[in-house]
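Novice:
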Amino acid sequence: MALNKRRDIIYTLYWDRGGANMATHAVLEELGVAYELVEIDLAKQMQRTPEYLAINPNGKVPTLQHRGEVIYESAAILMYILDQHPDSGLAPALHSPQRGHYYQFLTWMSNTLQEAANRWAHPEHYITSDVSVGGDTDLSQVVDKATQDLNRCWSIIDDELGNKGPWLLGDNISGADFHLFMVAYWSRRYDSRAQDWPNLCRHQQAMLQRNSIQQMMSQEGLTFEC
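Be aware that the sequence shown starts at 30, since it is given in my numbering, and climbs by one per residue.
(1) Since Y40 sits in a beta bridge, which residues does DSSP pair it with?
(2) Just mark E98 as buried or exposed, buried being the case when its beta carbon has 16 or more other beta carbons within 10 Å.
(3) Taking the straight line between their C-alpha atoms, what separation do you get for G250 and G47?
(4) Cα separation between A218 and R148?
(5) For a test of the three-state rule: what should DSSP assign to Y81, helix, strand or coil?
(6) Assign T157 to one of three DSSP states: helix, strand, or coil.
(7) How long is the line joining the alpha carbons of K132 and F207, rounded to whole angstroms?
(8) Output yes or no for whether 8 Å exceeds the beta carbon distance between A49 and P91.
(9) Which whole-angstrom value is the C-beta distance of A223 and W183, which I expect to be below 8 Å?
(10) Note down the Cα distance separating Q170 from Y155, rounded to an integer number of angstroms.
(11) Drop a sphere of 10 angstroms on the beta-carbon of H54, count the other beta-carbons inside from all chains shown, and report buried for 16 or more, exposed for fewer.
(12) In the segment 103-131, which residue ranges form an unbroken alpha helix (DSSP H) of at least 4 residues, counting only runs that do not cross its ends?
(13) For N33, count neighbouring Cβ atoms within 10 angstroms of its own Cβ and tell me buried if that reaches 16, exposed if not.
(14) State the CB to CB distance for the pair L241 and E65, rounded to an integer number of angstroms; the pair is presumed to be in contact (CB under 8 Å).
(15) Closer than 6 Å by C-beta to H95: which residues in its own chain qualify, once you throw out the five before and the five after it? Chain order, please.
Encoded structure:
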C-alpha cells in the first residue's frame, strides 16, 4: 500500500507496521516534509520479493529513497534526513560537541540497545538449528541474556535522562529521542520494559504528546500507554 502524505513528494519510506521505520516516519512528520509511504508487510514476506530485494538486499525495513538514492539502516536514515534539514534543530550543529553525543546515542542504540531488543524478540535468529532440549529448540538462555542486557541498557539511559533530561541531549529534542521512543515502544511486551524506569517513562510520555508521534502511530495503526 502506498500513501501519499504530501504533494510534491521528496522522500519515499518503505515501512511495516510498528517496525524500525517508526522513528523515521515520526521525524518526517515532525519536519512537515513531503513523503510517500510504501508498505512492506513482513507477515506476508513482502520483504523477500525480488522487487524489494533489488531495493534493499537485506530484506528489511526501513528503506528510504531520496533523489534517486537508496539508504537503509534506521539510524543512518535518521542522520541522513536531518542533515538535509539543518535548520530543524533536530540535530546539533555539525562542529558542536553535542554532535558527538548525538552520533553516540544513535549508534549505541542501533548497535547495543536495539541488538539486545532483537535478541529478546527473535532469539531463534541467534542459535543454530541443532541446539535443542528434548527435541525442542531451547531459546531461554538467549532470552535471559537479552533481558539482562536490556536492563543494563535501560539503566544507562535512565541515568542519562536523569542527569541531563528531559531529552537525551539535555534541553533540546533530537533525532536520537525518536529512535529511543521506537525501541521503548517495542519493549512494552518484553520482560525488561523501558516504561518501568522512571526517567524513561517520563520521556515516553513527553514523546507521546508530540503531534508527530501521534500522527505516525495513527497512520501505522499503533496504540501505546505508558
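Backbone N, C-alpha and C fix where the C-beta goes; we use that ideal spot for every residue, glycine too.
Specialist: According to the structure shown:
(1) Y64 and H95
(2) exposed
(3) 8 Å
(4) In the sequence as presented, Ala is not what sits at residue 218; that position holds Arg. If you take the alpha carbons of R218 and R148, they lie about 14 Å apart.
(5) helix
(6) coil
(7) The question names Lys, but residue 132 in the sequence shown is Tyr. Answer to the nearest angstrom: the Cα atoms are 14 Å apart.
(8) yes
(9) 6 Å
(10) 11 Å
(11) buried
(12) 103-113
(13) Confidence in N33 is poor, its pLDDT being 48 and thus under 50, which makes the residue's placement unreliable; the coordinate value appears in the next sentence. Exposed, because fewer than 16 other Cβ atoms sit within 10 Å of the Cβ of N33.
(14) The sequence shown places Ser at residue 241, not Leu. Their Cβ separation, rounded to whole angstroms, is 17 Å, which puts S241 and E65 out of contact at 8 Å.
(15) Y40
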